[in-house]
Amino acid sequence: MSTAILTGQPVPGSSIEGDLRSLGFDVLIAADAADAERLVAEAPCEQRIALVDARFVGHLHALRLGLTDPRFSLAAVPGAVTAQPDGRVPLTRALARENSAGGGTAVAVDSLPDRIVTALAEDGAEVHRPELGSLVAAVPADPQARNEARQAVAEVDDEAVRLKSAVKSRDGFFTTFFISPYSRYIARWCARRGLTPNQVTTASLITALIAAASAATGTRGGFVAAGVLLIASFVLDCTDGQLARYSLQYSTLGAWLDATFDRAKEYAYYAGLALGAARGGDDVWALALGAMILQTCRHVVDFSFNEANHDATANTSPTAALSGRLDSVGWTVWVRRMIVLPIGERWAMIAVLTAATTPRITFYLLLIGCAFAATYTTAGRVLRSLTRKAQRTDRAAGALADLADNGPLGSFVARVNPGRFGSPLVIALAGTAVLAVSLFSGVTWAPVVGAFVYTVAAGQALYRPLKGALDWLVPPLFRAAEYGTVLILAAKADVNGALPAAFGLVAAVAYHHYDTVYRIRGNAGAPPAWLVRAVGGQEGRTLLVTVLAAALTAAQFTVALTVLAVAVALVVVLESIRFWVSAGAPAVHDEGEPA
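Per the working numbering: the sequence shown = residues 113 to 707.
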């Protein structure tokens, strides 16, 4: 139970006490500031505490936004302020200042909660103030102002605003116009029946897995059912976030589940399509693996670019200015959002193609669409990087190094033979080029030599901080090198099971890389060093796969890939689960797929 302390003179006919109780607060009355300080001190330390002016007039949803959002330690709307347990100390300090001789806040402010917010700001505490839009939250000073405020409340439909705010302000064309108009009502239905976002997220995963199983049947009916179920899964995927925003049920675990399950759903569906095609005598595992690699590399490009420029100074460019001008023209906004093939458009395309065509055609068109989108977005980011004069911070360079995922071999190379000359990107490109040539040379042990050169280059590339204009390309380059090596060697093995085993290995490693991204985004740093060492780092895994391919027969290589995939998956998934359910998990983030 949370505790709300009403301060000031009560107003006859006010609904504030009932509103607070409906939001889950136990309501206490404070005679004055000193009494409020006493009640705050007596409230259990593990409880959320709120100070609310008894004269408050406003929408219930304004109070909900200001007092119940779990993502913020301190939050306020006019006439009300709240603190979670980790925000109790600054709140108590501000109350003590208010009750000390002379106070220290603006005495012209009549509302105690508003004076406390001023005191918190003077102490340097970060107080979240939600965007209320047309919602009303006020402390009227006289009867006339109160009547005007009540009239303003009556003129705005609280529930309509709540439903609208449940939808992301920026989303793709397909999601905005074909999903959100009705999924928000599904979210409200779920909220009224006590369902949680995590339950809806799990239902979305189960639906997608059933869709993958339907595709795996290889029948036309199965493909049609798979397409319909994939769209249903996406509707639920939108609903879980809308439910979280509608009812303010945010959680660290929920954010992680939503992000992780999105990847699991899409890649499981690729596997289902490949299995279904195999039942019809068509082997498209290479296409399925290629689609997963391309999509993952696209995401790493987005993540790396965003991290590199997260807190860069002098972060402006003519390209960014042009993008801003284009966004001011209505129709260009939707065209630019569609051509990057975000998750809504991508899943809709996959679903329609699955139902109407074959898995091979589906993958061909998916690869063409994703390749075009990747070219468009990467070219734009490269132009921005070359035309802006940004100073990269140590934090950004550290994040890029963590995303690079170099392991013990790369670290050893950097210590023994550091790369003192040449830019990190040029060194990484040179090593990747040698590796690529060796993979297509046709000589059995050439890939091992190429992977060795690549390992040396990977270590040298990270000797210096990744602060160059284009150094954010190093992590996605490493991803393409590692995943591409697994794909090419499995395809060259030309034996049943090699490509599915490679698919499993890349999926396990990609999970590790996505997990790294989400940790960095939550300001929790990279996964522990022992985990990176245990799974070998990207350069170590690349070298190991080339050695296995050269030393073993095709059948043995397939078994080795399978064992490696299982081992990597067990280690990274178990550590990921341990971290994300622990108290040390990062702050909640409400994000969507970047592309």
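Glycine residues also receive a C-beta, built at the ideal position from the N, C-alpha and C atoms. On a predicted model such as this, the values are computed, not experimentally measured, just so you know.
Opening and closing residue of the beta strand (DSSP E) in which residue i lies
{"i": "T597", "result": "From DSSP, T597 is part of no beta strand (DSSP E) but of the alpha helix (DSSP H) over 586–605."}
{"i": "D712", "result": "This structure cannot speak to residue 712, because the chain is shown only from 113 to 707."}
{"i": "A641", "result": "That residue, A641, is in no beta strand (DSSP E); its alpha helix (DSSP H) goes 641–646."}
{"i": "V189", "result": "186–189"}
Per DSSP, cross-strand counterpart(s) of residue i
{"i": "A526", "result": "According to DSSP, A526 bridges with nothing at all."}
{"i": "T710", "result": "Nothing in the structure corresponds to residue 710, since the chain is present only between 113 and 707."}
{"i": "T194", "result": "A162, A187"}
{"i": "H240", "result": "A187"}
{"i": "S114", "result": "F137"}
{"i": "G170", "result": "A249"}
Own chain residues within Cβ distance below 6 Å of residue i, not counting five before or after
{"i": "L275", "result": "R296"}
{"i": "G456", "result": "G284, F286, T287"}
{"i": "P577", "result": "A509"}
{"i": "A153", "result": "none"}
{"i": "R527", "result": "none"}
Residues near residue i by beta carbon distance below 7 Å, same chain, minus five either side
{"i": "L611", "result": "W397, A398, L401, A602, A603"}
{"i": "V239", "result": "L186, A187, A188, V229, L232, A233"}
{"i": "V279", "result": "S292, R296, Q354"}
{"i": "P252", "result": "R167, V169, R258, A261"}
{"i": "A734", "result": "Shown here, the chain extends from 113 to 707; a query on residue 734 therefore has no answer."}
Limits of the alpha helix (DSSP H) - the one that residue i falls within
{"i": "D352", "result": "332–359"}
{"i": "A486", "result": "471–499"}
{"i": "T408", "result": "397–420"}
{"i": "D627", "result": "610–633"}
{"i": "Y382", "result": "364–391"}
{"i": "S550", "result": "536–551"}
{"i": "K276", "result": "270–277"}
{"i": "Y297", "result": "292–304"}
{"i": "W557", "result": "Unbroken run through W557: none, as it is neither H nor E."}
{"i": "L317", "result": "309–328"}
{"i": "S688", "result": "666–692"}
{"i": "G652", "result": "649–663"}
{"i": "D226", "result": "224–234"}
Residue i versus residue j - alpha carbon distance
{"i": "T314", "j": "A174", "result": "30 Å"}
{"i": "W557", "j": "V659", "result": "8 Å"}
{"i": "N635", "j": "Q196", "result": "20 Å"}
{"i": "S550", "j": "A695", "result": "46 Å"}
{"i": "G136", "j": "A563", "result": "60 Å"}
{"i": "S212", "j": "T499", "result": "55 Å"}
{"i": "G160", "j": "W368", "result": "Per the sequence shown, the amino acid found at residue 160 is Arg instead of Gly. Computed Cα separation, rounded: 24 Å."}
{"i": "S74", "j": "A264", "result": "Coverage of the chain is limited to positions 113 through 707, which leaves residue 74 absent and any answer about it impossible."}
{"i": "L118", "j": "D131", "result": "12 Å"}
{"i": "A376", "j": "T180", "result": "31 Å"}
{"i": "T329", "j": "V336", "result": "11 Å"}
{"i": "V607", "j": "A666", "result": "6 Å"}
{"i": "T567", "j": "L177", "result": "51 Å"}
{"i": "L232", "j": "A672", "result": "59 Å"}
{"i": "Y382", "j": "Q311", "result": "24 Å"}
{"i": "G393", "j": "A386", "result": "10 Å"}
{"i": "F184", "j": "R690", "result": "24 Å"}
{"i": "W301", "j": "C157", "result": "34 Å"}
{"i": "S553", "j": "V684", "result": "33 Å"}
{"i": "A661", "j": "D414", "result": "32 Å"}
{"i": "A502", "j": "V412", "result": "21 Å"}
{"i": "R472", "j": "P190", "result": "58 Å"}
{"i": "S114", "j": "L686", "result": "34 Å"}
{"i": "R282", "j": "P454", "result": "12 Å"}
{"i": "E243", "j": "E267", "result": "18 Å"}
{"i": "H171", "j": "A155", "result": "26 Å"}
{"i": "G519", "j": "V621", "result": "13 Å"}
{"i": "S126", "j": "P182", "result": "27 Å"}
{"i": "A486", "j": "P588", "result": "12 Å"}
{"i": "C409", "j": "L537", "result": "16 Å"}
Rounded Cβ spacing between residue i and residue j (contact assumed at less than 8 Å)
{"i": "L341", "j": "S326", "result": "6 Å"}
{"i": "G596", "j": "I405", "result": "7 Å"}
{"i": "G522", "j": "G492", "result": "With 8 Å as the limit, G522 and G492 do not qualify as a contact, their Cβ atoms being about 30 Å apart."}
{"i": "T308", "j": "Q361", "result": "6 Å"}
{"i": "A540", "j": "A569", "result": "6 Å"}
{"i": "L321", "j": "A403", "result": "The pair is not a contact, with the Cβ atoms about 18 Å apart (cut-off 8 Å)."}
{"i": "V680", "j": "V647", "result": "5 Å"}
{"i": "A323", "j": "S359", "result": "Not confirmed; about 27 Å, so no contact."}
is_contact[residue i, chain D] using C-beta, thresh 8 Å
{"i": "S114", "result": "Within the model displayed, chain D is absent; a lone protein chain is all it includes."}
Residues near residue i in its chain [Cβ-Cβ closer than 8 Å; skip 5 each side]
{"i": "A148", "result": "I117, T119, A142, L163, L207, L224"}
{"i": "T101", "result": "The chain is shown only over 113 to 707; residue 101 falls outside these bounds and no answer can be derived."}
{"i": "R133", "result": "V139"}
{"i": "T204", "result": "E149, V152, A153"}
{"i": "V201", "result": "none"}
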